[in-house]
Structure formats: structure tokens, C-alpha cells
Amino acid sequence: MNKLEEKVQQALVKAIDNDDLVLPTLPEVALNIRQAAEDPEISISHLSKVIGRDTALSARLIKVVNSPLLRATQEVTDLHTAITRLGTNYSSNLAIGLVMEQIFHARSDVVEQKMRDVWRRSLEVAGVSYALCRNHSQLKPDQAALGGLVHQIGVLPILTYAEDHYELLSDPVSLNHVIDSIHPQLGDKLLGRWDFPEMLAKLPGQYLDLERDSAHLDYVDIVQVAVLYCYRGTDHPLADVPISSVPAMKKLQVDPYSDALRAELDEARSMFD
Numbered sequence: 001m002n003k004l005e006e007k008v009q010q011a012l013v014k015a016i017d018n019d020d021l022v023l024p025t026l027p028e029v030a031l032n033i034r035q036a037a038e039d040p041e042i043s044i045s046h047l048s049k050v051i052g053r054d055t056a057l058s059a060r061l062i063k064v065v066n067s068p069l070l071r072a073t074q075e076v077t078d079l080h081t082a083i084t085r086l087g088t089n090y091s092s093n094l095a096i097g098l099v100m101e102q103i104f105h106a107r108s109d110v111v112e113q114k115m116r117d118v119w120r121r122s123l124e125v126a127g128v129s130y131a132l133c134r135n136h137s138q139l140k141p142d143q144a145a146l147g148g149l150v151h152q153i154g155v156l157p158i159l160t161y162a163e164d165h166y167e168l169l170s171d172p173v174s175l176n177h178v179i180d181s182i183h184p185q186l187g188d189k190l191l192g193r194w195d196f197p198e199m200l201a202k203l204p205g206q207y208l209d210l211e212r213d214s215a216h217l218d219y220v221d222i223v224q225v226a227v228l229y230c231y232r233g234t235d236h237p238l239a240d241v242p243i244s245s246v247p248a249m250k251k252l253q254v255d256p257y258s259d260a261l262r263a264e265l266d267e268a269r270s271m272f273d
């Protein structure tokens, strides 16, 4: 770690500990969806009205329902039918995750591009997490997808910080090292502040622990395997991890090198685009 990285990391950790770091807030539409979904008697019509206030989000949800993994014999063209197909809980979780794209925006072109890259990777991981969970576990695919969408959420405050500190912004190597070191801790803090369910709240801080061996398959395991899969064939250090030896992969009980699994997950990577 060079002096710049050490200085920035110390400053960020101190800001985290003192609650001085400006953290992004959950978009208002996500809060409204969550509030609506907490009503056990909520109707599909009412949830449709809440989600329908955001036309871009509505279009994304309809697109997801028509994706190859979920497509039925007849194409879905309206939000009400999409929510009917998915169910209210399912629709709510996916909508909350997808609407987070609204906070992936920056003032500078450099940071904007970095945020776009993070979001694009998160969409891929969410799609693969969904497919792994739906086809190879008894867990809830919508929760797995939400976990994939937020696993790198801790990168956002770091990039916001970098916009106000040019010496970090102008040194991409140091910036990447700081992101790798700090984003899991910040991700846990953000999801805790946003009152995410316990099963996901600590996911950012655990998904990179490749020796983690939970008693039962959980959402951290699912997202961890999805991350490793999505980095295959890249120059990222995680691409060299022997995925078959990872405890999370063993719990899934599938052959990570089978052509059928590869075809299935390749298709899933674009599910949330």
C-alpha cells in the first residue's frame, strides 16, 4: 500500500467510525415500495400503482418477466400482469434492487464511468445469482438477485469521496486498491442503515471470504459463486480461483465446469440488463 492509499484508507475508516462519511440514501420510490410490501394484505393493483409511478422501473420489471428465464408462452406487456406473474413479494424485492440504479450517478466523467461499470457487473451477478438460486437451491431467487444487485454497493461512497479528492481520482491504481479494501465494510454499513433483511445485510462484507463455510447454503454463498463465475475469462484476480474448491460451490452440488451450467448462466447474465 502506497502513502496515498494508506492516507485515504485511514481517512475513510475514521469517517466511517465517526459517522462523518456521506452515505447515499435509498431512493424514495424504493422506500415507498418497501412500505407498501410490508402490508400483508397489499393487492396487486395497489403495488402496481406504487411501482408504476416510476415508468423506467415499470419497463424494467416487464422486461425481466419476459426474459428467457421467466418467459411464458404469451408476452407480458403491462405492469399488473408482470406483478401477477411474479407475485407481490417477488416484484417488490426486484423493484427495490433495480431502482438503485438511480443512485449510480456522478459529477465527473471518470467516476460516472466507474459507477456504470460497477452497476453493469452488479446486474450480471444478480442474473447469475437468480439462476443459481432458482434452479439449484430451495432459497428465494428474488432475494438472491437483490443480493447480487447490492453486493458492491459500498463502492458508491468511495467514488463520491474520490470526486472531492483529485489526488485519488487521478490515480486509478490507488483508487482501485482503496475500493477493494474498504467497499465490503461500507456495504455492510449502508445495508444496515437501509434496514435490509438480516440475510442480506452482511453480504457485502462476506462475499469475498472464499474460505467461508456456513452450515447451510445461504445468499452469501449464492452471490459468491455468481461473482466468481462472472469474473471467469477476465484479468481479475478472482478469475484464477479454482471454483470447485470453494465451500459455497460444494454446497450447491453442481458441476461448475459442465456445458449445461455454463449455457444456463451465460443466458442469465443479461437477465436484468
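Oh and the sequence shown: position 150 is 150 in UniProt numbering, straight run, nothing missing.
Note that beta-carbon positions come from the ideal geometry of N, C-alpha and C, so glycine has one too.
If we count Cβ pairs, one from each stretch, closer than 8 Å, do we get three or more for the region 127-144 versus the region 212-226?
-> Touching, yes, given that three or more Cβ pairs across the two stretches are closer than 8 Å.
Under the three-state reduction of DSSP, which class applies to Glu-198: helix, strand or coil?
-> In this structure, DSSP gives Glu-198 a helical state, which the three-state scheme calls helix.
Between Ile-33 and Ser-92, is the Cβ-Cβ spacing less than 7 Å?
-> Cβ atoms of Ile-33 and Ser-92: closer than 7 Å.
Return the CA-CA distance between Arg-71 and Leu-132, expressed in angstroms with no decimal places.
-> The alpha-carbon atoms of Arg-71 and Leu-132 are separated by roughly 17 Å.
C-alpha distance - Pro-40 paired with Asn-89, whole-angstrom precision = Roughly 10 Å separates the two Cα atoms.
Measure the alpha-carbon distance for Glu-267 versus Gln-10 and round it to whole angstroms.
-> Taking the straight line from one Cα to the other gives about 41 Å.
Whose CA, out of Pro-157, Gln-206 and Tyr-166, lies closest to the CA of Gly-148?
-> Cα-wise, what sits closest to Gly-148 is Gln-206.
Between the region 158-171 and the region 252-264, are three or more C-beta pairs nearer than 8 Å?
-> Here the region 158-171 does not lie against the region 252-264, with fewer than 3 beta-carbon pairs under 8 Å apart.
Return yes when the Cβ of Asp-213 is within less than 7 Å of the Cβ of Pro-247, no when it is not.
-> A contact, by the Cβ cut-off of 7 Å.
Delimiting residues of the alpha helix (DSSP H) encompassing Leu-123 | Secondary structure note for Leu-123: its alpha helix (DSSP H) is the uninterrupted segment 109-136.
Span separating the alpha-carbon of Val-64 from that of Leu-26 = Within the model, the alpha-carbon separation for Val-64 versus Leu-26 is close to 22 Å.
Does the region 53-64 come close enough to the region 10-21 to have 3 or more Cβ pairs within less than 8 Å?
-> The region 53-64, when compared against the region 10-21, does not touch it at the 8 Å Cβ threshold.
Rounded Cβ spacing between Leu-94 and Ala-15 (contact assumed at less than 8 Å) | Beta-carbon to beta-carbon, Leu-94 and Ala-15 are separated by about 32 Å, too far to satisfy the 8 Å threshold.
Hey, residue 359 and Gly-187: beta-carbon distance below 7 Å or not?
-> The chain is shown from 1 up to 273; residue 359 falls before or after that span and cannot be answered.
Which listed residue (Arg-134, Ser-67, Ile-103 and His-216) has its alpha carbon closest to that of Leu-159 | Closest option to Leu-159, Cα to Cα, is Ile-103.
Secondary structure of Ser-270, DSSP reduced to three states | Correct three-state label for Ser-270: coil.
Report the rounded CA-to-CA distance for Phe-272 versus Ile-179, giving the unit in angstroms.
-> Their backbone Cα atoms lie some 24 Å apart in a straight line.
Sequence-distant residues of its chain with Cβ nearer than 8 Å to Glu-101 (five each side left out) = These residues qualify, in order along the chain: Trp-119.
Let me know the secondary structure DSSP gives Gln-253 once reduced to three states.
-> Gln-253 falls in the coil class under three-state DSSP.
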